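Below is one structure, written out as structure tokens; the observations come after it.
Numbering (our numbering), first residue to last: 900 to 1012.
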């Protein structure tokens, strides 16, 4: 599967999408088409961590004072399902590889075992 989860209002997502050939990818805009439980669990299968998929840069992270809470993997999972802005983006799936994040500093690679 080749898929990209992105946010169309995110300047960085737009920039990255312009730089790569997306013709072979399914594009999913996460605000208008929220990620499903099944999709999130598929991402987890590639990363083995919901925390890796979670954006601590989201405004709601600060608003909800989540940095002062101890969050479990289940907490990260539920927060991503409840609020699209908590999914770190873009998420690019290229078969069994996954690219998460939007800057070189925060990009994570993971391969399915």
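Positions of the beta carbon are idealized from the N, C-alpha and C atoms, including for glycine. These numbers come from a predicted model, not from an experiment.
Please report the distance separating the alpha-carbon of residue 979 from that of residue 994.
In a straight line, the C-alpha of residue 979 is about 22 Å away from that of residue 994.
Within 9 Å, strictly: CB atoms of residue 952 and residue 943:
Between residue 952 and residue 943, the C-beta gap is smaller than 9 Å, which places the two residues in contact.
Which residues in the same chain as residue 912 place their Cβ atom closer than 8 Å to its Cβ, once the five residues preceding and following it in sequence are excluded?
Non-local beta-carbon contacts of residue 912 in its own chain, meaning distances under 8 Å to residues more than five positions away in sequence, involve 905, 906, 988, 989, 1001 in chain order.
Are the beta-carbon atoms belonging to residue 939 and residue 903 less than 9 Å from one another?
Between residue 939 and residue 903, the C-beta spacing is not below 9 Å.
Does DSSP put residue 905 in a helix, a strand or coil?
Of the three classes helix, strand and coil, the one that applies to residue 905 here is strand, per DSSP.
Exposure of residue 954, with buried meaning 16 or more beta-carbon neighbours within 10 Å
Result: buried.
Quick one: using the 10 Å Cβ neighbour count with 16 as the cut-off for buried, is residue 1006 buried or exposed?
The pLDDT assigned to residue 1006 is 42, lower than 50, so where the model puts this residue is not dependable, and the model offers no usable value.
Nearest CA to the CA of residue 984: which residue from 921, 914, 973, 958?
Shortest Cα-Cα distance from residue 984 to any of 921, 914, 973, 958 involves 958.
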